[in-house]
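Notes for the one structure printed next.
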Amino acid sequence: MSFKTKGTLVDYIEKSELSAESDTDNYYVTRYIPIIRFSTSDGKTYTIQDLGGSKKWEIKDNIDILYKPSDPEKGFIFIFQNTWGQTFALLFFSSVPLLIGFGFIGGKIWG
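Just so you know, we're using the working numbering here: the sequence shown kicks off at 719 and counts up by one.
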């Protein structure tokens, strides 16, 4: 069971990564990894890093956090990508082979 609380954005870590390279140029993408501080229901304070992306929030913004009381260090920002992204990706990538298989079987039966 997870708990929801409010955290405060305290900083970003800026990280540049090679995105593509060619014979003449290298292309880098910059990710901004948010650093969030939040308190649990027992009053303890934790600081976490979330996944990187663009700068969506300003420093000192309040952000919704989900955490497990047994492991609050693994808390994360409560947004669609973090909560449902993997589920929808798995559903999408598993449905494609199923549809191909159903098409193949249907072709054998009715074709």
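Here a beta-carbon is modelled for each residue, glycine too, at the ideal position from N, C-alpha and C.
With a CB to CB cut of under 6 Å and the five nearest residues on each side skipped, what residues in its chain are close to residue i?
i: K786; result: S720
With a threshold of 8 Å on Cβ separation, who are the neighbours of residue i within its own chain once the five nearest residues in sequence on each side are excluded?
i: E791; result: Y764 and I766
i: K722; result: D782, I783, L784 and F796
i: K724; result: F756, N780, I781, D782 and I783
In terms of residue numbering, what span does the beta strand (DSSP E) encompassing residue i cover?
i: G725; result: F721 to E739
i: L794; result: A small fix is needed here, since residue 794 is Phe in this sequence, not Leu. F794 -> beta strand (DSSP E) spans D789 to I795.
Where DSSP assigns a beta bridge to residue i, which residues make up the other side?
i: S757; result: T763
i: P752; result: Y730
i: I783; result: T723 and I795
i: V747; result: E735
Quick one: grab the DSSP three-state call for residue i.
i: G771; result: strand
i: K778; result: coil
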